[in-house]
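Those letters in the sequence shown? Residues 18 to 326, per the working numbering, in order. The block underneath contains the structure these notes are about, expressed in structure tokens.
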Amino acid sequence: MKNILVVGSSNLDITAYTPKFPQNGETVSGRSMSISVGGKGANQATAAARAGGTVAFISKIGNDSMSDMILKSFKNDGINTDFVYISKTCETGSAFIEVNDITGDNRIVCIAGANATLTKEEMQAAEVCFKKADIMLVQLELETDRVTEAIKTAKKYNVPVILNPAPAKKLSNDIYSYIDYFTPNESEAAFYTGFSVNNDSDAEKAADVLLKKGIKNVIITMGKKGCFIKNSKYCKKIMPFNVKAVDTTGAGDSFNGGLAVALANNEDILTAIEFASATAALSVTKEGTSKAMPFKSEIDYFLKNSSLI
Ligand code: RIB
């Protein structure tokens with residue numbers, strides 16, 4: 018099994034499932050709630066571990082009643098937690114999520130908490146993980162300086178870098194040439210290019226802008242519409258799998274976790290995207306984020322028995 022290094026956030030997700038999102042000033046009755054492990058980093062680490070990777074995770078949680086539950090969940094999925102730090106002063110990051118029962122759509126408010134306190138020294142202490150990694154996957158829920166350090170350390174050891182730019186944040190221009198795979202969704206692609214991305218032709222235009230910045234492979238995820246890949250070899254729309262979404266929260270995370278595993282296994286990028294799309298398709302059929310990530314056996318079965326739309 019290949020070594021996947023995930024650097025990123027851990028949150029406690031508090032989710033309300035509701036038939037209707039409230040308007041400003043309105044109160045609506047929801048159907049149910051759940052409290053579970055989330056954070057884009059934690060979700061991606063879990064997705065990669067369940068999809069067949071050997072995963073090390075660099076993250077930071079609080080010294081509170083949630084940390085045991087979070088660490089236990091990582092350990093159950095076989096994730097190496099040697100560098101999941103525990104803050105003495107700050108609470109675990111949290112996310113307040115609303116999921117629409119009819120459409121599966123979500124809205125999220127995040128509080129960074131301990132995620133924002135991961136230090137340069139703590140990142141440096143985890144350098145051993147970079148040396149061993151076959152691929153490194155990072156998002157933007159940590160401080161941007163930490164993300165930059167992680168990307169540069171990965172490059173020092175020739176480790177391919179996937180940056181999932183979620184949530185979109187300004188990056189320094191010199192970082193783009195270090196990124197092997199950049200995986201924005203449509204709104205993140207719009208953030209980095211300055212124009213809206215709603216269809217294939219927008220996606221191709223956005224990919225061109227991003228490739229010009231020095232990124233090697235641009236994969237724009239487009240939800241129900243599939244995804245778009247452009248690099249020096251391919252310029253291609255990849256259709257999605259047809260599933261009934263009950264909760265789309267963490268769909269991007271499952272995609273990135275699956276992608277990391279397939280790329281680390283040296284799959285061709287189109288095959289890797291198909292594996293990632295299957296991982297995402299399965300994750301949206303279940304409620305929750307980390308807990309909804311599918312296992313390798315489920316992904317393999319799904320790929321054998323389903324076809325792209
Ligand atoms: O991508 C979904 C994740 O975003 C949630 O788990 C939440 O914690 C936020 O980080």
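Idealized CB from N, CA, C, for every residue including glycine.
{"query": "Regarding GLU158 and the ligand RIB, is the C-beta to nearest heavy atom distance less than 7 Å?", "result": "yes"}
{"query": "Could you round the C-beta distance between ASN234 and ILE286 to whole angstroms and report it? I think they count as a contact, below 8 Å.", "result": "6 Å"}
{"query": "Give me the Cα-Cα distance between ASN259 and VAL126, rounded to the nearest whole angstrom.", "result": "29 Å"}
{"query": "Just the C-alpha distance for GLN40 and GLY121, rounded to the nearest angstrom, thanks.", "result": "18 Å"}
{"query": "Can you tell me whether SER307 is helix, strand or coil according to DSSP?", "result": "helix"}
{"query": "Please classify GLU115: does DSSP put it in a helix, a strand, or coil?", "result": "strand"}
{"query": "Is ILE232 closer than 8 Å to PHE199 when the C-beta atoms are compared?", "result": "yes"}
{"query": "Starting from the C-beta of MET256, find all residues in its chain whose C-beta is less than 8 Å away, skip the five residues before and the five after it, and write them out in chain order.", "result": "GLY243, LEU325 and ILE326"}
{"query": "Using CA coordinates, which residue listed in ASN28, ASP225, ASP162 and GLY269 is at the minimum distance from ASN248?", "result": "ASP225"}
{"query": "For ASN11, which three-state DSSP category applies?", "result": "The chain is shown only over 18 to 326; residue 11 falls outside these bounds and no answer can be derived."}
{"query": "Rounded to whole angstroms, what is the Cα-Cα separation between GLU205 and PRO184?", "result": "7 Å"}
{"query": "Can you say whether GLU322 is buried or exposed, counting buried as having 16 or more other CB atoms within 10 angstroms of its CB?", "result": "The displayed chain sequence assigns Asn, not Glu, to residue 322. ASN322 should be labelled exposed."}
{"query": "Quick one: is the Cβ of ASN28 within less than 7 Å of any heavy atom of the ligand RIB?", "result": "yes"}
{"query": "Quick check on DSSP: helix, strand or coil for GLY274?", "result": "helix"}
{"query": "Just to confirm my understanding: we take ILE196, look at its own chain, exclude 5 residues before and 5 after, and list those with CB closer than 6 Å. What are they?", "result": "VAL178, LEU180 and ILE232"}
{"query": "Check for me: the beta strand (DSSP E) holding VAL178 runs from which residue to which?", "result": "178-180"}
{"query": "Within 10 Å of its beta-carbon, does ASN132 have 16 or more other beta-carbons around it, so buried, or fewer, so exposed?", "result": "buried"}
{"query": "What are the boundary residues of the alpha helix (DSSP H) that MET86 is part of?", "result": "82-93"}
{"query": "Does the distance from the CB of GLY79 to the CB of SER46 come in under 8 Å?", "result": "no"}
{"query": "So, with DSSP's three-state summary, where would you put ARG48?", "result": "coil"}
{"query": "I'd like the ranges of any beta strand (DSSP E) spanning at least 3 consecutive residues and lying wholly in the region 249-297.", "result": "252-255"}
{"query": "Does the ligand RIB have a heavy atom nearer than 7 Å to the CB of ILE96?", "result": "no"}
{"query": "Should ASP151 go down as buried or exposed, given a rule of 16 or more other Cβ atoms within 10 Å for buried?", "result": "buried"}
{"query": "Using 7 Å as the cut-off, classify the Cβ of ASN60 as near or not near the heavy atoms of the ligand RIB, replying yes or no.", "result": "yes"}
{"query": "How long is the line joining the alpha carbons of MET86 and GLY69, rounded to whole angstroms?", "result": "23 Å"}
{"query": "Going by Cα to Cα distance, which pick from VAL72, SER218, ASP264 and LYS254 is closest to ALA277?", "result": "VAL72"}
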